[in-house]
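All remarks here apply to the structure that follows.
In structure tokens:
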């Protein structure tokens with residue numbers, strides 16, 4: 045499913061808004077999550093999951109092609125953990141053992 | 022940031038009734054979950070892709086007791102951030118679209 049299919053589906057279920065309005069809401073929704081992460085914040089959507097930023101330290105690496113030594117700059121990477129509800133829904137009938 | 026904060030931000034941008042905006046956002050996440058439940062992936066351009074991956078059963082260990090256990094086969098949800106999002110996270114600049 046793509047973003048436009050998502051917008052299509054949501055607008056078929058929510059009649060209070062036009063398709064265009066739904067599109068603006070969906071875009072603003074993901075934009076606000078992206079902005080929060082870009083500012084180093086975390087995003088928690090109950091039942092869906094949480095997004096966090098992890099800091100990766102710089103390290104000495106090697107260009108696999110040329111074999112030359114290079115320094116890999118420190119960077120921030122996004123990290124996602126699925127929420128309890130979705131974990132259970134994609135695994136029906138299994139008991140949750142992790143915390 | 023929680024869902025309530027997102028509702029506030031979207032509400033400030035689009036106006037309308039906060040209750041209606043909250044209902045749409047609820048429906049967005051529900052639609053994504055339902056799609057993943059069917060084993061389908063969800064691609065949000067500019068943000069990232071949500072996919073379901075099948076994990077095989079494997080032998081593991083209870084970290085508390087040390088006893089060996091079988092971890093059943095299961096499905097896990099993964100998220101892969103788009104290049105745009107990764108870039109925004111590293112520059113701290115406003116990302117995606119205006």
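Residue numbers (the numbering used here), protein chains in the order written: chain A, 45 to 143; chain B, 22 to 119. Think of the CB as a built atom: it goes at the ideal place given N, C-alpha and C, for glycine as much as any other residue.
N- and C-terminal bounds of the alpha helix (DSSP H) containing residue i
i             : result
residue 104/B : 104-112
residue 72/B  : Careful: residue 72/B lies outside any alpha helix (DSSP H), inside the beta strand (DSSP E) at 69-76.
residue 47/A  : 47-57
residue 50/B  : 39-58
residue 33/B  : 24-35
For residue j and residue i, believed in contact at Cβ under 8 Å, the rounded distance
i             : j             : result
residue 87/A  : residue 77/A  : 5 Å
residue 118/A : residue 101/A : 5 Å
residue 114/A : residue 106/A : 7 Å
The beta strand (DSSP E) enclosing residue i, as first and last residue numbers
i             : result
residue 121/A : 119-126
residue 94/B  : No beta strand (DSSP E) contains residue 94/B, which DSSP labels as neither H nor E.
residue 75/A  : Taken as a continuous stretch (DSSP letters only), residue 75/A belongs to no beta strand (DSSP E), being part of the alpha helix (DSSP H) at 63-82.
residue 81/B  : 79-82
Euclidean distance between Cα positions of residue i and residue j
i             : j             : result
residue 88/B  : residue 76/B  : 21 Å
residue 95/B  : residue 107/B : 28 Å
residue 105/B : residue 68/B  : 7 Å
residue 103/A : residue 44/B  : 46 Å
residue 116/B : residue 74/A  : Unreliable positioning characterises residue 116/B in this predicted model, as indicated by a pLDDT of 43, which lies under 50. The coordinate reading is nonetheless provided below. Taking the straight line from one Cα to the other gives about 10 Å.
residue 61/A  : residue 29/B  : 17 Å
residue 40/B  : residue 110/B : 31 Å
residue 53/B  : residue 50/A  : 8 Å
residue 56/A  : residue 48/B  : 11 Å
residue 79/A  : residue 121/A : 14 Å
Where residue i meets chain B, residues with beta-carbon distance less than 9 Å
i            : result
residue 67/A : The contacting residues do not exist; residue 67/A stays about 11 Å from chain B at best.
C-beta contact flag for residue i and residue j at 8 Å
i            : j            : result
residue 64/B : residue 46/B : no
residue 80/B : residue 91/B : yes
residue 42/B : residue 32/B : yes
Chain A residues whose Cβ lies nearer than 8 Å to that of residue i
i            : result
residue 30/B : 72 and 76
residue 34/B : 68 and 72
Partners in chain B for residue i, counting only beta-carbon separations shorter than 7 Å
i             : result
residue 120/A : 110 and 111
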